[in-house]
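For reference, the structure is listed below as structure tokens.
Number of protein chains: 4
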Amino acid sequence: MAISGVMRAGTVQIRVTDMAAAADHYENVLGLVRSGAGADGRLYLKGWDEHDHHSVILRRADAPGMDCMGFKVSDREALSSFERRLRDLGLKTERVPAGADLGAGERVRFVVPTGHTMELYAEMEQVGNGLALENPEVSPDGLRGIHPTHFDHCLLYGDDVDGAVRVFTEALGFKLAERVVSLDGKVLIGAFLACSTKPHDVAFIRSEGKGKFHHAAFYVESWHDLKTAADLLTKRRVKLDIGPTRHGITRGGTIYFFDPAGNRNETFSGGYLYYPDRPTLSWTENELGRGIFYYDRRLNENFLGVTT
Amino acid sequence: MAISGVMRAGTVQIRVTDMAAAADHYENVLGLVRSGAGADGRLYLKGWDEHDHHSVILRRADAPGMDCMGFKVSDREALSSFERRLRDLGLKTERVPAGADLGAGERVRFVVPTGHTMELYAEMEQVGNGLALENPEVSPDGLRGIHPTHFDHCLLYGDDVDGAVRVFTEALGFKLAERVVSLDGKVLIGAFLACSTKPHDVAFIRSEGKGKFHHAAFYVESWHDLKTAADLLTKRRVKLDIGPTRHGITRGGTIYFFDPAGNRNETFSGGYLYYPDRPTLSWTENELGRGIFYYDRRLNENFLGVTT
Amino acid sequence: MAISGVMRAGTVQIRVTDMAAAADHYENVLGLVRSGAGADGRLYLKGWDEHDHHSVILRRADAPGMDCMGFKVSDREALSSFERRLRDLGLKTERVPAGADLGAGERVRFVVPTGHTMELYAEMEQVGNGLALENPEVSPDGLRGIHPTHFDHCLLYGDDVDGAVRVFTEALGFKLAERVVSLDGKVLIGAFLACSTKPHDVAFIRSEGKGKFHHAAFYVESWHDLKTAADLLTKRRVKLDIGPTRHGITRGGTIYFFDPAGNRNETFSGGYLYYPDRPTLSWTENELGRGIFYYDRRLNENFLGVTT
Amino acid sequence: MAISGVMRAGTVQIRVTDMAAAADHYENVLGLVRSGAGADGRLYLKGWDEHDHHSVILRRADAPGMDCMGFKVSDREALSSFERRLRDLGLKTERVPAGADLGAGERVRFVVPTGHTMELYAEMEQVGNGLALENPEVSPDGLRGIHPTHFDHCLLYGDDVDGAVRVFTEALGFKLAERVVSLDGKVLIGAFLACSTKPHDVAFIRSEGKGKFHHAAFYVESWHDLKTAADLLTKRRVKLDIGPTRHGITRGGTIYFFDPAGNRNETFSGGYLYYPDRPTLSWTENELGRGIFYYDRRLNENFLGVTT
């Protein structure tokens, strides 16, 4: 199989402080599709073009943030193989039984050196993308809000970026598509990690502390869709961080905004097609403004300062 | 490594009957970037965002068509492994030494049951995409014509589609993203094969005879780019087949047109993100019109009848 | 006032053979907004960004076609002035009292030499565009289907194009933005007439007979909107004529399709900004294919043969 | 004639401090087409789709700013009529003889109460838009940079906005498409004035002092063109103010940036179709942020503070 091992960033569990407000935001503004609600009150959502049961889980909590991020691997054998390699790197791993999340198969859970909880899984119930498997249309009826096609990636803040990169590249086979380094080249400030052909499935920015959540990104199909997304965000008075604009890193179009709990969402579009024989691109910290916001060419305070 | 084995459709060698006319078409209208010219008169070209030396080779000949199509694999070990698996399936393979094409490493050549010559290679000189590797811009200066980012896929016509599919899936690890079947479900009329996350890297349509070339496709970034491409095609009086329009199969936007020798080119954009756990989509022959041309919902004579 | 006299193509009354099917098409597929239903069974509709009560009236009849087309003039004085000028040209005019159509003021009705009934009116009840007049948003909620902003123009077929052009230019102050002529330059085959800055508010193509209706066009904001319109047309299995494609004449993007009664609709986008000091563009009949369909560069049978 | 009186904002003369730098900016980055250079060193430019000789004149001076803005009227009779109406309002008018600017006919010059010099003219040499008048293509070859189709409007800052509005509406027949008022409704803070179907040809914002120049705007055809414009602005390191983003007022898409002398340019796209029977929209100062920048919903310091 051409794509094997880790296929993609598949899930993210986000803490929200008001479930009704969050449900309205994620279903009616962002426009994810609800695929289930747990007996424990958690809400399960997905991008419309995802076949798996869910990609986003909302959990009510007293403070916002990310509980964990999950990556789907090609098969159960790969799951076991990655578990061994994680342990070989000295990480503790834990098996979460199938069914602990709705529709979810068995998972391998571990914590990377930036303090973020990660999971691998090979199996999830497939609920389809709302289109027939025979002679389908190009999009389903009844979509609401921005309706991204899929959960795309997360950007996470934490102290030991080198450690997190080592886990993803050495144990899990990710490639470093782009990186941000200090002017003297000695400090890895940011790392954009790809497991298949997206320019990133997960990224890390060096920051004090552990386990900070910068954003979860959702894919829309075009620059035009970013405009209609921005129209809706204003009409619904969703708090904007920045955008529509474009990243230098990944070249993707973007809008950053906040859910009612203060978690940052991104609608992302475009970005180049990554292959593992593509050279790693480097950004120096003095050009990071253009790297993050290609048009403004400077970081805003929100981007740097606000995480959950 | 997450993407291993066959990474992508990497090269296509196309026969043209008038090299000067072809060079003008491929460089100034399609807008590929020239990366070399062989002592044997062959012209080497690439999409601007490709790092490898070339993806298209033009060879002067008395009749148009495709000489061969090449796929880049992750490393030399994979090359040897695929060679064995091809032989295990009963195919003859041949090693083409490094340097036989400009910038090209050693290749494994074989012929699939539809009569098309295919190659695998692990190495090619990298010439870059015209952008710096440190603090790059989002696009290079001086692009001409339609300037697709990369060579995307080929569609080939031939009799033994089942045989070709078996080679690609069993020996090379491709997945069947979509297929077209007869109404009774017994005859495989078309097969769209993916090796990574594009909905196809190569496709086959059942047809009398061997080795027919339907089109080579080049990727542009948006539906808007298809409009500016179509503007240029008319201004330059390039022979149009159809478009801009949209495929049901792959969902991609498309224009089909012809080079001066009569080979069909496609500019392709969009298409969903394919993963190997995505179910194979099926089209029945009575809905093939909508599958190929989602808006017209019927095939035109050119699409069916003209190959080289 | 800078724009005075005839301001725009304002209304069109279309005959439909099945009102329920037509209502579904015009409201849910084309996405006009219903603004009223007459006691006589006629249905009143408008594009969402129109402030006047209606721009489209559907009337049930045994055969499809256009009953009449209306143009809004700047004030009652202009209405009387045009009435005199029409009579001076030898046309019969008739006053239709206010209220004969829902929300409509008094109208001046006349028949142009191609056999089409035309109306002028200075007043219509304003119902607004769904947005506040103070601190508005950029678009209203609840739009359905393609939801064009406004009724844009009609193309009409008839024998005496020269006569119709004389009425519109000499009596009503329209300008000839573009025209199609025979190769010898002696026969006016087509005329595209502008009253303000759109490249046409009404157009005529020479054809046998009187009073034929080729299409009514509705404006969408971008080339991207034409793609989503085409997606919906296929999903709803609306009969397509051609598109998305582009006109050489006016440069506008277009899709042509049919309502359930067989009347042709157009979704139109773009087109240059016309001013009366812009030279009239001429097309010769041998280039008419490219003039009408810039990408295909040839007319299709539907375009020429199907009118209602 | 349907459009009579003032047809459009036709010209703007801008002061630049370094002509070579300005020429590079306006020709290669903004991508206006050079149509002449005066013996006095002034440079004449136009948008590619304008037929008149020029719309922009650059004059070298010690300080940036706008010398004057010109409006084209339908004919010489209108010119004389407006001259009388301006005098009737108490303004001094001056005739500038034909030929004082390259290709320009006679002009009527006057100063509005905000201190801005304005001109009216009925005649200018037509040089064409680079396309044939018979059987044209949809765009000319050889365009560079952002290449807007035409000069669209200016926004001007000054103290007596009420006075300027009175001149434009009472003497010149403009309509107030949108206005910004203080919370108590007593102070007119901003006025967006239309002479034909664009939502503004000239706009004023109340500010201390006289004759300040906020920006000159140039029209591009789509939201997509704003992205490619922004790409180029960054690549050329042109100083950005804000964008791509969208206005609430006019609904147009926008990028604001600066020429090398510090004058603000806008690339503008979209905006609704204005007609004189459309109600004037009002914005209250507390919502002005959303009115100017619909996505950010707040003004930035540059927008308010920087004029030339």
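Protein chains in written order, with numbering that gives the first Met the number 0: chain A, 0 to 307; chain B, 0 to 307; chain C, 0 to 307; chain D, 0 to 307.
All C-beta atoms, glycine included, are put in the ideal place defined by N, C-alpha and C.
*Could you work out which residue in D:Gly-127, D:Pro-139, D:Glu-82, D:Val-137 is closest to Glu-118 of chain D when comparing CA atoms only?*
By one-based count along the fourth sequence, residue 118 of chain D stands at place 119. When C-alpha distances from Glu-118 of chain D are compared across D:Gly-127, D:Pro-139, D:Glu-82, D:Val-137, the shortest belongs to D:Glu-82.
*Own chain, CB closer than 8 Å to Val-28 of chain B, minus 5 neighbours either side, in chain order*: The count along the second sequence starts at 1 and reaches residue 28 of chain B at position 29. Non-local C-beta neighbours of Val-28 of chain B in its own chain, meaning closer than 8 Å and more than five positions away in sequence, comprise Gly-144, Ile-145, Leu-231, Leu-232, Arg-235, Val-237, ordered along the chain.
*How far does the alpha helix (DSSP H) with Leu-85 of chain D in it reach, from first residue to last?*
Counted from its first residue, the fourth sequence places residue 85 of chain D at position 86. Element bounds for Leu-85 of chain D: 75-87.
*Within the stretch 93-174 of chain C, note down every full alpha helix (DSSP H) run reaching 4 residues or more, in order along the chain.*
Qualifying alpha helix (DSSP H) stretches, in chain order: 160-165.
*Can you give me the Cβ contacts of Asp-240 of chain C inside the same chain, cut-off strictly under 7 Å, excluding the 5 residues immediately before and after it?*
The count along the third sequence starts at 1 and reaches residue 240 of chain C at position 241. Taken in chain order, the residues that qualify are Tyr-255, Phe-256, Phe-257, Arg-263, Asn-301, Phe-302.
*asked:* Please report the distance separating the alpha-carbon of Gly-104 of chain C from that of Glu-136 of chain C.
replied: The count along the third sequence starts at 1 and reaches residue 104 of chain C at position 105. The count along the third sequence starts at 1 and reaches residue 136 of chain C at position 137. Spanning the two alpha carbons is a distance of roughly 30 Å.
*If we ignore side chains and look at the alpha-carbon of each, how far apart do Phe-203 of chain D and Phe-191 of chain D end up?*
Position 204 of the fourth sequence, counting from 1, holds the residue named residue 203 of chain D. Position 192 of the fourth sequence, counting from 1, holds the residue named residue 191 of chain D. Using only the alpha carbons, I get a separation of about 7 Å.
*Taking only the alpha-carbon atoms, compute the straight-line gap between His-149 of chain A and Ala-19 of chain C and give it to the nearest angstrom.*
Numbered from 1 along the first sequence, position 150 holds the residue referred to as residue 149 of chain A. Numbered from 1 along the third sequence, position 20 holds the residue referred to as residue 19 of chain C. Answer to the nearest angstrom: the Cα atoms are 38 Å apart.
_Any chain B beta carbon closer than 8 Å to Glu-133 of chain D_ = Position 134 of the fourth sequence, counting from 1, holds the residue named residue 133 of chain D. Taking Cβ atoms only, chain B never reaches closer than 8 Å to Glu-133 of chain D, which makes this a no.
_At the level of alpha carbons, what is the spacing between Glu-177 of chain D and Gly-4 of chain D?_
What you label residue 177 of chain D is simply residue 178 of the fourth sequence in a count that begins at 1. What you label residue 4 of chain D is simply residue 5 of the fourth sequence in a count that begins at 1. As the crow flies, the alpha-carbon of Glu-177 of chain D is around 21 Å from that of Gly-4 of chain D.
*Please compile the residues from chain B whose C-beta is within a distance smaller than 9 Å of the C-beta of Lys-234 of chain D.*
To locate residue 234 of chain D, count along the fourth sequence from 1; it is residue 235. For Lys-234 of chain D, the neighbours in chain B by C-beta distance under 9 Å run, in chain order, Glu-136, Val-137, Ser-138, Asp-140.
_Distance, Tyr-43 of chain A Cα to Met-68 of chain A Cα_ = The residue given as residue 68 of chain A occupies position 69 in the first sequence. The residue given as residue 43 of chain A occupies position 44 in the first sequence. Taking the straight line from one Cα to the other gives about 14 Å.
_Under 8 Å, Cβ to Cβ, is there at least one residue of chain A near His-149 of chain B?_
The residue given as residue 149 of chain B occupies position 150 in the second sequence. The beta-carbon of His-149 of chain B is placed less than 8 Å from the nearest beta-carbon of chain A.
_Proximity below 8 Å, CB of Thr-283 of chain A to CB of His-213 of chain A_ = Counting from one through the first sequence, the residue named residue 283 of chain A turns up at place 284. Counting from one through the first sequence, the residue named residue 213 of chain A turns up at place 214. No, Cβ-Cβ distance for Thr-283 of chain A and His-213 of chain A is not below 8 Å.
*Quick one: give me the first and last residue of the beta strand (DSSP E) that Gly-64 of chain A is part of.*
Counting from one through the first sequence, the residue named residue 64 of chain A turns up at place 65. First-last of the beta strand (DSSP E) with Gly-64 of chain A: 64-72.
_Residues that Arg-277 of chain B contacts on chain A, provided the C-beta gap is smaller than 7 Å_ = Translated into the one-based positions of the second sequence, residue 277 of chain B becomes position 278. Those are His-50, listed as they occur along chain A.
*By a C-beta neighbour count over all protein chains shown, 10 Å radius and 16 as the cutoff for buried, is Glu-49 of chain A buried or exposed?*
Here residue 49 of chain A corresponds to residue number 50 of the first sequence, with the count starting at 1. Counting the other CB atoms within 10 Å of its CB gives Glu-49 of chain A a total of 16 or more, which places it among the buried residues.
*In the DSSP assignment, what are the bridge partners of Tyr-43 of chain D?*
Counting from one through the fourth sequence, the residue named residue 43 of chain D turns up at place 44. Tyr-43 of chain D pairs with D:Gly-35, D:Ile-56.
*DSSP three-state call for Tyr-294 of chain C: helix, strand or coil?*
Counted from its first residue, the third sequence places residue 294 of chain C at position 295. Here DSSP, grouped into helix, strand and coil, assigns Tyr-294 of chain C to coil.
*Partner residues on chain D for Ser-268 of chain B, Cβ-Cβ distance less than 9 Å*: Locating residue 268 of chain B in the second sequence gives position 269, counting from the first residue. Close to Ser-268 of chain B, with beta-carbon spacing below 9 Å, lies no residue of chain D; the smallest spacing is near 12 Å.
*Within the same chain, show all residues whose beta-carbon is closer than 6 Å to that of Leu-272 of chain C, passing over the 5 residues directly before and after it, in chain order.*
Taking the third sequence and counting its residues from 1, one reaches residue 272 of chain C at position 273. If we look at Leu-272 of chain C and ignore the five residues flanking it on each side, its Cβ neighbours are Thr-196.
*How is Gly-9 of chain A classed by DSSP in three states: helix, strand or coil?*
Residue mapping note: residue 9 of chain A aligns to position 10 of the first sequence, counting from 1. If DSSP states are grouped into helix, strand and coil, Gly-9 of chain A belongs with the strands.
*Are the stretch 213-225 of chain C and the stretch 281-296 of chain B touching, with three or more C-beta to C-beta distances below 8 Å?*
Between the stretch 213-225 of chain C and the stretch 281-296 of chain B there are fewer than three C-beta pairs closer than 8 Å, too few to call the two in contact.
*For Ala-97 of chain C, the nearest candidate out of C:Gly-89, C:Arg-106, C:Lys-91 (CA to CA)*: Mapped onto the third sequence, residue 97 of chain C falls at position 98. It is C:Arg-106.
*Using DSSP with H/G/I as helix, E/B as strand and the rest coil, what is Gly-189 of chain B?*
Position 190 of the second sequence holds residue 189 of chain B. Gly-189 of chain B falls in the strand class under three-state DSSP.
*Boundaries (first-last residue) of the beta strand (DSSP E) holding Glu-220 of chain D*: Looking up residue 220 of chain D in the fourth sequence gives position 221. Premise fails: Glu-220 of chain D is in no beta strand (DSSP E) and is neither H nor E.
*With 16 as the cutoff for other CB atoms within 10 Å, does Glu-169 of chain C come out buried or exposed?*
Counted from its first residue, the third sequence places residue 169 of chain C at position 170. An exposed status is given to Glu-169 of chain C, since fewer than 16 other beta-carbon atoms sit within 10 Å of its beta-carbon.
*State the beta-bridge partners of Ile-204 of chain B as determined by DSSP.*
As a working mapping, residue 204 of chain B is identified with position 205 in the second sequence. Bridge partners of Ile-204 of chain B: B:Tyr-156, B:Gly-189.
*Distance between beta carbons of Val-160 of chain A and Arg-205 of chain A, contact taken as under 8 Å*: One-based indexing of the first sequence puts residue 205 of chain A at position 206. One-based indexing of the first sequence puts residue 160 of chain A at position 161. About 5 Å separates the two Cβ atoms, so the contact holds.
*For Asp-51 of chain C, collect the residues of the same chain with a Cβ closer than 8 Å to its Cβ; drop the 5 residues on either side in sequence, then sort them by chain order.*
One-based indexing of the third sequence puts residue 51 of chain C at position 52. Take Asp-51 of chain C, set aside five residues on each side of it, and the residues of its chain with a beta-carbon closer than 8 Å to its own are Gly-9, Lys-45, Lys-71, Gly-102, Met-123, Glu-124, Gln-125, Val-126, in chain order.
*With Asp-23 of chain B as the anchor, note down where its beta strand (DSSP E) starts and where it stops.*
Position 24 of the second sequence, counting from 1, holds the residue named residue 23 of chain B. Premise fails: Asp-23 of chain B is in no beta strand (DSSP E) and is neither H nor E.
*Ile-56 of chain A versus Thr-253 of chain B: straight-line alpha-carbon distance, rounded*: Locating residue 56 of chain A in the first sequence gives position 57, counting from the first residue. Locating residue 253 of chain B in the second sequence gives position 254, counting from the first residue. Taking the CA atoms as reference points, Ile-56 of chain A sits about 36 Å from Thr-253 of chain B.
*Would you call Arg-346 of chain B buried or exposed, if buried means 16 or more other Cβ atoms sit within 10 Å of its Cβ?*
Residue 346 of chain B is absent from the structure shown; chain B starts at 0 and stops at 307.
_Looking at chain B, is there any beta carbon in it that lies within less than 8 Å of the beta carbon of Ala-229 of chain C?_
As a first step, residue 229 of chain C must be located in the third sequence, where it is residue number 230. Closer than 8 Å: yes.
_Short CB-CB distance (under 8 Å) between His-311 of chain C and chain A_ = Absent from the structure is residue 311 of chain C, since the part of chain C shown begins at 0 and ends at 307.
_DSSP has Asn-264 of chain B in a bridge; who is on the other side?_
Within the second sequence, residue 264 of chain B is the residue found at index 265, counting from 1. Looking at the DSSP assignment, Asn-264 of chain B forms a beta bridge with B:Ala-215, B:Phe-256.
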